[in-house]
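J.:
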Amino acid sequence: MISSPLNVLIIGGGIGGLCLAHGLKAAGVRVAVYERDGADPQHWLQGHRIHINPIGSRALHVCLPEALWEAFVAVSGRPPAGLGFMTEQLRELVVVGQDFMAHGEGNAVDAHHPISRMALRQILLADLQDVLHFGKTFERYERAADGTVTAFFMDGSTATGNVLVGADGANSRVRKQYLPHARRVEAGSGGMGGKLILTEQNRAWLPAALSSRLNLIMAPNNYTLFNAFFDPSPANLAGLESRRPQLEAAGLDLQKLVDTSKSYLLWAFIGRTENFPATADTLDGAALQQLVKQRMTGWHPDLLRLITEADPDSVGFTTFKYSAPIGPWESSNVTLLGDAIHNMTPVGGMGANMALRDARQLAQQLAAVERGELELLPAIKSYEADMRKYGFKAVHSTLQNARLASSNGRLGREFNRTWFRACNLLPPLKHVFEEQWTEEMRNPAELVTSH
């Protein structure tokens, strides 16, 4: 099988696929990205913030050109001041992670970065114009005896390389052909989410806890409300001017980037699927808001106001699914990353960060092949072995988070609330609790490199 020079075909232009393309391009590896949608697909335009934790941040720092990394930092919001657990009356149970989340202060590489999905996509698309192919819906692939692999697209076109990477999301066609036994299953929970655009008027009444950190607000039974904020610094945005020539040369529209970085507060209302109407995914935003408020009867007035004043066009419903863990497979010149292999529930914000970690790991392995330091199959096998470990660990963690957030039992919920209060009162317990909740945000120090 051919080891180098490489010609990598990436199926899917999402977060992981684009980050991988940057990493490979920087290493001098020939790469092409095939994306079924156009440059501004509707699901990106309607998306909310993404929380990039230190794992994702380090991956972007390694893979992106310096100017795009600086743009990413500039349009990111200020990091959250911890993760709070509260009652539905906004009484504090426990707050963890303040010190951990502040660790990156003055060190953007190891920091937390809330960022608009639209802004992140613009940054990831920049400087890849020569390798991007839009409107390419993947149909199937064929592997040849000479070590090449050919991708076939619905428009009748083909592309041939010697590595094919399925980065085509949770419903990956590459995965369905390559690993037909890999399954996605219902998590038994789901939720509605929306956003409140931040203004001087609503900043005046919003409780400080809601606009300064991440929060899980747990009712005595059935439901949990999650909230996060996105609030970029005007000074950081203005600082992009010094990089205007490099960013515009990379194809980045600075005004559009700033326009997609408006401040807002995100909320997500989570519960068991049986506690929502079977038709919830067909309801419009206004109807979903009414549904959430009905379920929140008796909650703190500020929480009800948060739902009421959210933009109805931003409100949607989703059921949670996850990838069932699978054992090792025989490695080849076809591989997978991100949601295509380890899709997870959104409770915990790990999906995008795991896709970025995959992109970084795979880019480093393929770059070593290009330099003649590794053979192709051992490099891919090494990537897949690591990816299965951390990827499916994150799947399990986010599934547990979803189950905690959507549990129906009043007794179990009251036990959890009592446990949180105990952790808040006893420093040794709080330390253990904090370590558990922040573990997934760390990765080994030896993986950290710099430009």
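UniProt numbering numbers the first residue of the sequence shown as 1 and each following residue consecutively. The beta carbon of each residue, even a glycine, is placed where N, CA and C say it ideally should be.
1. Name, in chain order, the residues that DSSP records as bridge partners for residue 323.
2. In or out: residue 523 buried (at least 16 other Cβ within 10 Å) or exposed?
3. I want to know whether the stretch 362-374 touches the stretch 201-212 - three or more CB-CB distances under 8 Å.
4. Taking only runs of the beta strand (DSSP E) that begin and end inside the stretch 109-189, which ones reach a length of at least 3 residues, in chain order?
5. Check the DSSP bridge columns for residue 269 and list the partner residues they point to.
6. Nearest CA to the CA of residue 12: which residue from 229, 220, 153, 97?
7. What does a CB cutoff of less than 8 Å around residue 454 pick up in its chain, not counting 5 residues either side in sequence?
8. Helix, strand or coil for residue 88? Go by DSSP, reduced to three states.
9. On a CA-only basis, which of 387, 236, 223 is nearest residue 409? Give me that one, please.
10. From the DSSP secondary-structure annotation, give me the bridge partner or partners of residue 49.
11. Using alpha carbons as the reference points, say which of 245, 54, 125, 338 lies closest to residue 174.
12. If you drop the 5 nearest sequence neighbours on each side, which residues of the same chain put their C-beta closer than 6 Å to that of residue 420?
13. Buried or exposed: where does residue 411 fall if 16 or more other Cβ atoms within 10 Å of its Cβ makes it buried?
14. Using three-state DSSP, classify residue 276 as helix, strand or coil.
15. Would you list the one or two residues that DSSP bridges to residue 236?
16. Using DSSP's beta-bridge definition, name the partner residues of residue 218.
17. Within a Cβ cutoff of 6 Å, which residues of the same chain sit near residue 129, ignoring the five residues on either side of it in sequence?
18. Report whether the distance from the Cβ of residue 366 to the nearest heavy atom of the ligand NAP is below 8 Å.
19. How far does the alpha helix (DSSP H) with residue 78 in it reach, from first residue to last?
20. Suppose contacts are defined by Cβ-Cβ distances below 9 Å. Is residue 115 in contact with residue 356 by that definition?
21. Nearest to residue 259 by CA position, among 120, 418, 382, is which residue?
22. On a Cα-Cα basis, can you pick out the residue from 75, 7, 37 that is closest to residue 256?
23. Considering only DSSP beta bridges, list what residue 34 is partnered with.
24. Output needed for residue 44: all residues of its chain with C-beta closer than 7 Å, excluding positions within five of it in sequence on either side, in chain order.
25. In or out: residue 431 buried (at least 16 other Cβ within 10 Å) or exposed?
26. Starting from the C-beta of residue 193, find all residues in its chain whose C-beta is less than 6 Å away, skip the five residues before and the five after it, and write them out in chain order.
27. Do three or more CB pairs link the stretch 182-196 to the stretch 315-335 at distances below 8 Å?
28. Using 9 Å as the threshold, is the C-beta distance between residue 228 and residue 265 below it?
29. Just to check my reading of the structure: residue 376 and residue 368 have Cβ atoms closer than 8 Å, yes? What is that Cβ distance to the nearest angstrom?
30. What does a CB cutoff of less than 7 Å around residue 381 pick up in its chain, not counting 5 residues either side in sequence?
31. Kindly provide the ranges of any alpha helix (DSSP H) runs that are 4 or more residues long and lie completely inside the UniProt domain "FAD-binding" (328-391), ordered along the chain.
T.: The short version:
1. As a first step, residue 323 is located in the sequence shown; it is residue number 323 there, counting from the start. Its beta-bridge partners are 184.
2. Shown here, the chain extends from 1 to 451; a query on residue 523 therefore has no answer.
3. With contact defined as three or more Cβ pairs closer than 8 Å, the stretch 362-374 and the stretch 201-212 are not in contact.
4. With a minimum length of 3 residues, the unbroken runs of beta strand (DSSP E) contained wholly in the stretch 109-189 fall at 113-116, 132-134, 138-143, 149-153, 158-161, 163-166.
5. Working through the sequence shown from its first residue, we reach residue 269 at position 269. According to DSSP, residue 269 bridges with 192, 225.
6. By one-based count along the sequence shown, residue 12 stands at place 12. Ranking the options by Cα distance to residue 12, first place goes to 153.
7. With the chain represented from 1 up to 451, any question about residue 454 goes unanswered, as that position is not in the structure.
8. Along the sequence shown, read from residue 1 onward, the residue named residue 88 stands at position 88. Coil at residue 88, not helix or strand.
9. The residue you call residue 409 lines up with position 409 of the sequence shown. Taking residue 409 as reference, the option from 387, 236, 223 with the minimal CA-CA separation is 223.
10. The residue given as residue 49 occupies position 49 in the sequence shown. Answer is 116.
11. Sequence index remark: in the sequence shown, residue 174 carries index 174 (1-based). With distances taken between Cα atoms, residue 174 lies closest to 338.
12. Position 420 of the sequence shown, counted from the start, is the residue given in the question as residue 420. If we look at residue 420 and ignore the five residues flanking it on each side, its Cβ neighbours are 85, 93, 94.
13. Numbered from 1 along the sequence shown, position 411 holds the residue referred to as residue 411. When all chains shown are included, residue 411 counts as exposed.
14. Taking the first residue of the sequence shown as 1, we reach residue 276 at position 276. Here DSSP, grouped into helix, strand and coil, assigns residue 276 to coil.
15. Here residue 236 is taken as the residue at index 236 of the sequence shown, counted from 1. In DSSP, residue 236 forms no bridge with anything.
16. Walking along the sequence shown from the start, residue 218 turns up at place 218. According to DSSP, residue pairing for residue 218 in a beta bridge involves 87, 224.
17. Within the sequence shown, residue 129 is the residue found at index 129, counting from 1. Closer than 6 Å at Cβ, skipping near neighbours: 251.
18. For the structure depicted, the ligand NAP is absent and the ligand set is empty, with no information on it obtainable.
19. By 1-based counting over the sequence shown, the position of residue 78 is 78. It is not in any alpha helix (DSSP H) - residue 78 carries neither H nor E in the DSSP assignment.
20. Working through the sequence shown from its first residue, we reach residue 115 at position 115. Working through the sequence shown from its first residue, we reach residue 356 at position 356. No.
21. Working through the sequence shown from its first residue, we reach residue 259 at position 259. For the residues 120, 418, 382, the minimum Cα distance to residue 259 belongs to 120.
22. Counting from 1 along the sequence shown, the entry for residue 256 is found at position 256. Ranking the options by Cα distance to residue 256, first place goes to 75.
23. The count along the sequence shown starts at 1 and reaches residue 34 at position 34. Bridge partners of residue 34: 11, 133.
24. Taking the first residue of the sequence shown as 1, we reach residue 44 at position 44. In this prediction, residue 44 scores a pLDDT of 47, lower than 50, which makes its location untrustworthy; the coordinate-derived value is nonetheless stated afterwards. Here residue 44 has 117, 118, 121 as same chain residues with Cβ atoms under 7 Å from its own Cβ, once five neighbours each way along the sequence are excluded.
25. Position 431 of the sequence shown, counted from the first residue, corresponds to residue 431. Residue 431 should be labelled exposed.
26. Translated into positions along the sequence shown, residue 193 becomes position 193. Cβ neighbours of residue 193 beyond the five flanking positions: 268.
27. Between the stretch 182-196 and the stretch 315-335 there are three or more C-beta pairs closer than 8 Å, enough to call the two in contact.
28. In the sequence shown, residue 228 corresponds to position 228, counting from 1. In the sequence shown, residue 265 corresponds to position 265, counting from 1. In this structure, residue 228 sits near residue 265, with a CB-CB distance shorter than 9 Å.
29. Numbered from 1 along the sequence shown, position 376 holds the residue referred to as residue 376. Numbered from 1 along the sequence shown, position 368 holds the residue referred to as residue 368. Contact doesn't hold; Cβ gap of about 10 Å is too wide.
30. What you label residue 381 is simply residue 381 of the sequence shown in a count that begins at 1. For residue 381, where only same-chain residues beyond five positions count, the Cβ hits under 7 Å are 331.
31. The alpha helix (DSSP H) runs lying completely inside the UniProt domain "FAD-binding" (328-391) and spanning 4 residues or more are 339-342, 351-370, given in chain order.
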